[in-house]
Amino acid sequence: MSYVRLVNVTKRFGDVTAVDNLNYEIGKGECFSMLGPSGCGKTTTLRMVAGFEDLSDGEVWVGDRLLSSPKKNHYVPPEKRNFGMVFQAFAVWPHLSVYENVAFPLRIRKLDEKEIDQRTMDALKATNLVKAKDESPDFLSGGGKQRVALARALAINPDVMLLDEPLSSLDPHLREEMRFEIKDLQQKYGFSIIYVTHDQSEAMALSDRILVMKLGVVQQIDTPLNIYNNPANKFVFSFIGLSNFLSVKNDGSLVLPNHEGNIPQSFTLPERLVGEADLSLASRPSEIDFTTMEDPEGLHGVVTRKAFLGEIVDYQIKIGDQFMRVQKSRRDKGPEPGENCALHLLRPFWYAENE
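Under full-length UniProt numbering, think of the first position of the sequence shown as 1, with each following residue one higher.
1) By how many angstroms is the C-alpha of L346 removed from the C-alpha of A153?
2) Would you mind reading off the limits of the beta strand (DSSP E) that contains D112?
3) For L67, would you say it is in contact with chain D, using Cβ-to-Cβ distances shorter than 8 angstroms as the test?
4) Does the distance from the C-beta atom of D208 to that of F32 stay below 8 angstroms?
5) Kindly provide the ranges of any beta strand (DSSP E) runs that are 3 or more residues long and lie completely inside the segment 288–337, ordered along the chain.
6) Drop a sphere of 10 angstroms on the beta-carbon of F139, count the other beta-carbons inside from all chains shown, and report buried for 16 or more, exposed for fewer.
7) Just to confirm, is the Cβ distance from S56 to R5 under 8 angstroms?
8) Below 7 angstroms CB to CB, which residues in the same chain sit around G320 once its five sequence neighbours on both sides are set aside?
9) If you compare alpha carbons, which of D278, V302, P337 is closest to A352?
10) Here's a check: name, in chain order, each residue in its chain whose Cβ is nearer than 8 angstroms to the Cβ of G310, leaving out the five neighbours to either side.
11) Alpha carbon to alpha carbon, what distance is there between D295 and L150?
12) Looking at K133 and S97, is the spacing between their C-beta atoms short of 8 angstroms?
13) Which complete alpha helix (DSSP H) runs does the segment 160–217 hold, if anything under 4 residues is left out?
14) Would you kindly report the start and end of the unbroken beta strand (DSSP E) that includes G58?
15) Between the C-alpha atoms of G142 and S169, what's the straight-line distance to the nearest angstrom?
16) Counting pairs of beta carbons, one from the segment 190–203 and one from the segment 22–37, are three or more of them closer than 8 angstroms?
17) Sorted by chain position, which residues of the same chain lie with C-beta nearer than 7 angstroms to E53's C-beta, five sequence neighbours on each side aside?
18) What separation, rounded to the nearest whole angstrom, lies between the Cα atoms of G41 and G216?
19) Taking the continuous alpha helix (DSSP H) assigned at N250, which residues delimit it?
20) Using 10 angstroms around the beta-carbon of Q146, count the other beta-carbons present and answer buried if the total reaches 16, otherwise exposed.
21) Where does T17 fall in DSSP's three states?
22) Check the C-beta distance from V148 over to V92 and give it rounded, since I have them as a contact under 8 angstroms.
23) Near L174, which residues of its chain fall below 7 angstroms by C-beta distance, leaving aside the five closest residues on each side in sequence?
24) When DSSP labels each residue in this structure, what does K133 get in the three-state scheme?
25) Does D54 come out as helix, strand or coil in the three-state DSSP assignment?
26) Checking the sheet assignment: what are the DSSP bridge partners for V98?
27) Whose C-beta lies closer than 7 angstroms to the C-beta of V218 among residues of the same chain, with five residues either side of it excluded?
28) Kindly indicate which three-state DSSP category E104 falls into: helix, strand or coil?
29) Among L343, N128, A203, which one has its Cα closest to the Cα of G261?
30) Sorted by chain position, which residues of the same chain lie with C-beta nearer than 7 angstroms to A232's C-beta, five sequence neighbours on each side aside?
31) Can you check which of these residues, L111, G27, V102, is closest to K125 by C-alpha distance?
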């Protein structure tokens with residue numbers, strides 16, 4: 001059952017349409033991520049949901065409550081939406097203790113002191129901050145400051161948690177640790193999450209569903225697995241996971257420009273692309289095997305780089321005048337730089353070059 005609903009939501013800044021006719025629904029207790037490059041409209045959308053930005057058109061609902069509708073001249077201010085908000089910047093006050101940072105929004109709501117203390121301590125326990133409650137946030141690490149921001153959002157018992165790139169300023173180890181803490185808190189308290197990020201690994205790890213945006217327009221909404229396995233277009237393929245693209249000419253037969261090796265006959269086009277002259281052959285670096293030079297299904301190239309990355313070895317392969325990456329386990333014996341090789345693409349995808 002849908003809980004948060006965006007209906008034909010549009011945002012214009014002068015002649016620029018930042019968000020174009022956006023429609024989606026989020027279930028109660030669902031973690032829903034909005035993923036896309038900088039400037040695609042995801043933060044603007046989150047700010048409209050929060051009430052920090054006016055809509056140019058459309059409506060925002062939570063349950064049976066209408067929150068924003070320009071046509072109906074209806075607007076509920078942010079402080080009355082009961083949303084928890086966690087920003088990219090930690091937004092904690094160094095002159096207040098950790099306890100007072102978390103208690104602050106409850107004091108604004110004029111709750112009695114006993115309830116303020118109960119909610120504050122519950123939020124501090126949930127985020128492992130009880131021992132630091134009397135300290136200034138300035139004495140905490142980046143991860144500690146972000147826990148304070150999470151605790152402050154939790155303390156109001158939010159219907160929905162809005163997170164705007166909350167982990168991007170943390171180092172990689174802390175980012176990984178915090179993403180699982182956020183997921184644990186969501187499962188414990190059952191609130192819905194709208195999570196804005198440009199980091200596809202964060203979105204994949206946290207989300208029940210992902211919305212991929214480009215220039216204010218939805219490209220695909222689906223589960224992380226389906227978006228990875230069945231990307232709707234070339235942009236989604238390129239944005240989710242590592243990707244290779246080879247430009248291919250189609251003049252009745254498929255040709256890789258400036259490539260003298262064979263084009264595997266198994267590389268058949270989907271019906272929707274049969275008439276297209278300029279194509280992209282897409283593949284994942286982890287879904288390519290090395291095969292023998294005699295294999296008729298092999299794509300011939302030469303190794304130009306071999307880099308050891310811990311559990312995997314990353315190869316750069318030159319095919320004609322184009323390049324592909326291949327990633328294999330460090331336990332697999334692969335070719336050395338300068339050697340010829342043949343590649344077997346386990347799961348090739350085809351797109352129009354301009355798609």
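Even for Gly, the Cβ is constructed at its ideal location relative to N, Cα and C.
Let's see:
1) One-based indexing of the sequence shown puts residue 153 at position 153. One-based indexing of the sequence shown puts residue 346 at position 346. Roughly 45 angstroms separates the two Cα atoms.
2) Counting from one through the sequence shown, the residue named residue 112 turns up at place 112. In the DSSP annotation of this structure, D112 is not part of any beta strand (DSSP E), being labelled neither H nor E.
3) Annotation note: the requested chain D is absent from the structure, which comprises a single protein chain.
4) By one-based count along the sequence shown, residue 208 stands at place 208. By one-based count along the sequence shown, residue 32 stands at place 32. Result yes, Cβ atoms of D208 and F32 sit closer than 8 angstroms.
5) Fully enclosed beta strand (DSSP E) runs of 3 or longer: 288–291, 299–309, 312–319, 322–329.
6) Here residue 139 corresponds to residue number 139 of the sequence shown, with the count starting at 1. So F139 ends up on the exposed side.
7) Sequence index remark: in the sequence shown, residue 56 carries index 56 (1-based). Sequence index remark: in the sequence shown, residue 5 carries index 5 (1-based). No, these two residues do not count as a Cβ contact at 8 angstroms.
8) Position 320 of the sequence shown, counted from the first residue, corresponds to residue 320. Cβ within range, chain order: L256, P257, N258, H259.
9) In the sequence shown, residue 352 corresponds to position 352, counting from 1. Nearest option by C-alpha distance: D278.
10) Sequence index remark: in the sequence shown, residue 310 carries index 310 (1-based). For G310, where only same-chain residues beyond five positions count, the Cβ hits under 8 angstroms are R330.
11) Position 150 of the sequence shown, counted from the start, is the residue given in the question as residue 150. Position 295 of the sequence shown, counted from the start, is the residue given in the question as residue 295. Going from the Cα of L150 to the Cα of D295 covers about 55 angstroms.
12) In the sequence shown, counting from the first residue as 1, residue 97 sits at position 97. In the sequence shown, counting from the first residue as 1, residue 133 sits at position 133. Result yes, Cβ atoms of S97 and K133 sit closer than 8 angstroms.
13) Counting only runs of 4 or more, we get 172–189, 200–206.
14) As a working note, residue 58 is residue 58 in the sequence shown. Counted as a single uninterrupted DSSP element, the beta strand (DSSP E) harbouring G58 occupies residues 57–62.
15) Indexing the sequence shown from 1 puts residue 142 at position 142. Indexing the sequence shown from 1 puts residue 169 at position 169. The alpha-carbon atoms of G142 and S169 are separated by roughly 8 angstroms.
16) Result yes; three or more Cβ-Cβ pairs closer than 8 angstroms.
17) The residue given as residue 53 occupies position 53 in the sequence shown. In its chain, beyond the 5 residues on either side, K11, T44, R47 have a beta carbon closer than 7 angstroms to the beta carbon of E53.
18) Position 41 of the sequence shown, counted from the first residue, corresponds to residue 41. Position 216 of the sequence shown, counted from the first residue, corresponds to residue 216. G41 and G216: Cα-Cα distance of roughly 5 angstroms.
19) Residue 250 sits at position 250 when you count from the first residue of the sequence shown. Not the alpha helix (DSSP H): N250 falls in the beta strand (DSSP E), residues 244–250.
20) As a position in the sequence shown, residue 146 is number 146, starting the count at 1. Burial call: buried.
21) Here residue 17 is taken as the residue at index 17 of the sequence shown, counted from 1. In the structure shown, T17 sits in a strand (DSSP, three-state: E or B).
22) Looking up residue 148 in the sequence shown gives position 148. Looking up residue 92 in the sequence shown gives position 92. Between V92 and V148 the Cβ distance is about 5 angstroms, and since that is below 8 angstroms, they are a contact.
23) As a working note, residue 174 is residue 174 in the sequence shown. Result list for L174: G142, G143, in chain order.
24) Residue 133 sits at position 133 when you count from the first residue of the sequence shown. Collapsing the DSSP output to three states places K133 in coil.
25) The sequence position of residue 54 within the sequence shown is 54, counting from 1. DSSP places D54 outside both helix and strand once states are collapsed to three, so it counts as coil.
26) By 1-based counting over the sequence shown, the position of residue 98 is 98. None, per the DSSP bridge assignment.
27) If you number the sequence shown from 1, residue 218 lands on position 218. Residues of the same chain with a CB within less than 7 angstroms of the CB of V218, apart from the 5 flanking positions on each side, are L22, L211 in chain order.
28) For the purposes of this step, residue 104 is taken as residue 104 along the sequence shown, with counting starting at 1. Reading off the sequence, residue 104 comes out as Phe, not Glu. DSSP, read as helix, strand or coil, puts F104 in helix.
29) Locating residue 261 in the sequence shown gives position 261, counting from the first residue. Checking every option, the nearest Cα to that of G261 belongs to L343.
30) Numbered from its first residue, the sequence shown carries residue 232 at position 232. Apart from the 5 residues on each side of it in sequence, A232 sits with its Cβ closer than 7 angstroms to the Cβ of Q219, Q220 in its chain, given in chain order.
31) For the purposes of this step, residue 125 is taken as the residue at position 125 of the sequence shown. When only C-alpha atoms are compared, the closest one is V102.
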